[in-house]
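Numbering (the UniProt record's numbering), first residue to last: 1 to 1000.
Here's the structure we're looking at; comments come further down.
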């Protein structure tokens, strides 16, 4: 196959456009994470089952904005941009149809389309919120109430959705409308294993505790409508977070807080309603509440719906029959009451979902003046399960209608291509599936008409309905009656045969509300609940006496098809590559089945019916010029050269267009085969060289094999030698281990002995250190005592000096008196001053000598120094007083000896003034002496306290020395026995101690 290594982005470029070629190209691109591929103008999107955020960011949007379709690689943004540009340029509405089976990625693809359209056509604010924001935020709300987990998909849409995005003349979004189709109501009451009910029930059970307490909700496992399956939580998804996201989305789309509370009250009421069980009453045909738990849930349901509990019980357990004569109340058996309960739950939920859609549409608003729109259709794909019921019938009917529309569009695109190239295409056949649609929707005699007819008769059952089908369509080739079944039937759809079980068709097709249920809820005190069930007038009641879901769905589908036919369609086919929902797994059978269901292979068939392979002139000549090299030498025009080559090869039924060569199915393969033959001669040379190389490679391989055998033999010998050496090494290792254990045992003994010796030596060092400190303490005490003795000695010497001074002064006075008596003379002031100067000089010299002596003592004798200074001051005071006394005596003597006071009056005055000065000095010296005496007393007290502390320290030192001596004796006693058993061993231990005092 002529295909690049990474595949082609448009499968119409494949040389072989058939099922294997399409499948191989998709698988090749999927391996390289290229999830988008074109088939003409149809986009095929394969779900990667992993996050590829780089494909959908703002940069990618800007890249595709305004780029012509086909210039860039396949992408969902390219489809959206093509639809938008076509709408703007041609003024025509467009639609994008997204289809595929559950789990193929339809919902996510739709989100990406709407994001890109909102990016292209941003609009001004509407009530504080933009229209595009409201459209985008409507997705979480509808997903919460319309999506559920199925076996094939964790977020499967259980309804169809068509979003009409309206644009103004400038290309801005001016309004939008959301239309929904066929909500799966039966899921509310019945789910299969490994599936979940609608997301909103689980979101409400994961709400904050305050919310759950208000609605009296608990674990999801405790509710009948949720515990029918064992799946309650989705991997990697937080229901609590999604609940808050849904509430925020409701705010954005315009749902008020009061309305939100009413919505979740209705959801909680449905959960409580499902837990109401019934038992047989007094009569076998009547029913009552089964137990107190059912009574509690009945009361909670009535409280949340704001209706009368007794009226709710009667509406569930009884029916009112109106006859011309009277009104009769009929009781229901437990089974009938259960069916009534489930019917009420489905009706309430269906009305709630319809209200949400209407509210979103009203909140977003529509633009009546808009003439252009882009519709995005997200609808269920073709379904075929083991059990196929009424929902699958409606879904497949929808896909039949869409397939018919798809076939017509593909045929039309092929027709446009041929017309543009001006080739003949009138003989191409177009296969239509109108016969299947007639089988289903024919007004008279169709399956839907027969189903409605059966529903109108009270005694009809699914068996009678099936028999009617068998009789009506026994000759229809699209209808098959299965063997071994009584009520099943099979329809041959375009995607294959599907067998339907008709046992619930009648019940699910009936679209009416029990009058008792309507009357009960329309009388609710809650305006929201009452608004869901407006009361009907008599005329309206008569006109709506019977209504079927299939007929209503048929009308909705017809309206949808009219809308699609009025727009230019664009198709996106979503493919699920595997059923395990994991990345990098591509299941061929599964993908082929979806390609059939999605109509992709039908589009390929239509292309194959015409001219599936076409190449422009340059590509054709480049590839096949080897078939007719002489044509190129003649320099023909490109179209004539292509025609000459085809004529030479003998091909027919081909077409030469304006720019392309169109080939029928198989003609490209024929040309490739002839091209291969032309290259055969060249291939022979290559083959010869190849055979030579193969032969040489064989020789080399034989040689390598012999070397390998030799290596094996040598290896075997080496292994034996290795085993021998391994045993020797093992023996050596055992011996080494044994010797090591013996050596370690001896080492442990030596280590223990060393530790004992070190302990003893450290104890000796500690005792030496103690003795050293004791000696130091004794030396300090000796010095202090000697200092105290010296202070006492100095004190006594000073006292002796004072006494001697006084005695000498007395002796001097006596000698002076004797001299004066023997030789009276006048004492001159100069002599007196000289005597006083000499005395003062002596006194100062003695004081300075004492002061310098005290400074040399040091820090330890500071307090004693102060006491010595005080003694010196006292000595000086005594000397001064003695001098004053001597002076007074001398004055008195002089006064007595001088016979004439008139002559010496002036000298007497001078001496008297001098005496007064000396008295003042004496008074000052007395004050200083008192201060020094006080300080001396304080120093003495502190010295006594220090002496007491030294004595206490000395006593503690002696006690410590005695304790250390006793400990040392005990250690010696313990060490001696340990050396007693080592008399035969001589150990030499060398222990070095650096700075032994650090161990103390």
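Note that beta-carbon positions come from the ideal geometry of N, C-alpha and C, so glycine has one too.
- Alpha-carbon spacing of residue 170 relative to residue 373, whole angstroms: 13 Å
- Message: I believe residue 253 touches residue 134 by the beta-carbon criterion, under 8 Å. Please report the beta-carbon distance rounded to the nearest angstrom.
- Response: 5 Å
- Item | First and last residue of the uninterrupted alpha helix (DSSP H) at residue 1018 | Any property of residue 1018 remains undetermined from this structure, which presents the chain solely from 1 to 1000.
- Task: Name the two residues that bound the continuous alpha helix (DSSP H) containing residue 519.
- Result: 515-522
- In chain order, what residues of the same chain have a beta carbon less than 8 Å from the beta carbon of residue 575, not counting five sequence neighbours either side? 26, 44, 45, 46, 47, 100, 104, 591, 594, 595 and 598
- Compute the distance between the beta-carbons of residue 74 and residue 119, then report whether it is under 7 Å. no
- Query: First and last residue of the beta strand (DSSP E) that includes residue 570?
  - Reply: 568-575
- Query: Taking all protein chains shown into account, do 16 or more other C-beta atoms lie within 10 angstroms of the C-beta of residue 447, making it buried, or fewer, making it exposed?
  - Reply: buried
- Message: If you measure between the beta carbons of residue 168 and residue 206, is that distance less than 7 Å?
- Response: no
- Under the assumption that residue 500 contacts residue 393 (Cβ atoms under 8 Å), give the Cβ distance between them as a whole number of angstroms. 6 Å
- Task: Determine which residues share a DSSP beta bridge with residue 420 and list them.
- Result: Paired residue(s): none; residue 420 is not in a bridge.
- Message: Quick check: is any heavy atom of the ligand SAM less than 6 Å from the C-beta of residue 775?
- Response: In the structure on display, the ligand SAM does not appear, and there are no ligands present to speak of.
- Task: Would you kindly report the start and end of the unbroken beta strand (DSSP E) that includes residue 39?
- Result: 36-39
- How should residue 600 be labelled, buried or exposed, when 16 other C-beta atoms within 10 angstroms of its C-beta is the threshold for buried? buried
- Message: Can you tell me where the beta strand (DSSP E) holding residue 279 begins and where it ends?
- Response: 278-280
- Query: Is it true that the CB of residue 645 sits closer than 7 Å to the CB of residue 628?
  - Reply: yes
- Task: Mind checking which residues open and close the beta strand (DSSP E) that includes residue 508?
- Result: Where residue 508 is concerned, there is no enclosing beta strand (DSSP E), although the alpha helix (DSSP H) it sits in stretches over 505-509.
- Report the residue from 156, 306, 189 and 364 whose alpha carbon sits nearest the alpha carbon of residue 1014. Given that the chain is displayed from residue 1 to residue 1000, the structure contains no residue 1014 and the question cannot be resolved.
- Task: Whole angstroms is fine: what's the gap from residue 145's alpha carbon to residue 165's?
- Result: 22 Å
- Item | Presumed contact (8 Å Cβ cut-off) between residue 493 and residue 400, rounded CB distance | 6 Å
- Cβ-Cβ distance between residue 147 and residue 155 below 7 Å: yes
- Item | Best match in 790, 785 and 765 for proximity to residue 1034 [C-alpha to C-alpha] | This structure leaves residue 1034 out entirely; the chain is present only between 1 and 1000.
- Task: Would you mind giving the Cβ-Cβ distance between residue 276 and residue 297, rounded to the nearest angstrom? I have them listed as a contact below 8 Å.
- Result: 5 Å
- Find out if the Cβ-Cβ distance for the pair residue 366, residue 83 is shorter than 7 Å. no
- Task: Using 10 angstroms around the beta-carbon of residue 637, count the other beta-carbons present and answer buried if the total reaches 16, otherwise exposed.
- Result: exposed
- Item | Nearest-angstrom Cα separation, counted from residue 20 out to residue 34 | 19 Å
- Query: At which residues does the alpha helix (DSSP H) containing residue 250 begin and terminate?
  - Reply: 239-253
- Roughly how many angstroms separate the alpha carbons of residue 290 and residue 280, rounded to a whole number? 8 Å
- Taking C-beta to C-beta, are residue 503 and residue 462 nearer than 7 Å? yes
- Specify the secondary structure class of residue 299 as computed by DSSP and reduced to three states. helix
- Message: Judging by CA-CA distance, which residue of 58, 337, 779 and 434 is the nearest neighbour of residue 115?
- Response: 58
- Considering only the beta carbon of each residue, do residue 410 and residue 566 sit closer than 7 Å? no
- Query: Which word fits residue 667, buried or exposed, when buried means at least 16 other C-beta atoms lie within 10 angstroms of its C-beta?
  - Reply: buried
- Task: Starting from residue 181, follow the beta strand (DSSP E) in both directions and report where the run begins and ends.
- Result: 173-181
- Message: I'd like to know whether the C-beta atoms of residue 267 and residue 200 end up nearer to each other than 7 Å.
- Response: yes
- Given residue 117 as reference, the closest of 375, 202 and 51 once Cα atoms are compared: 375
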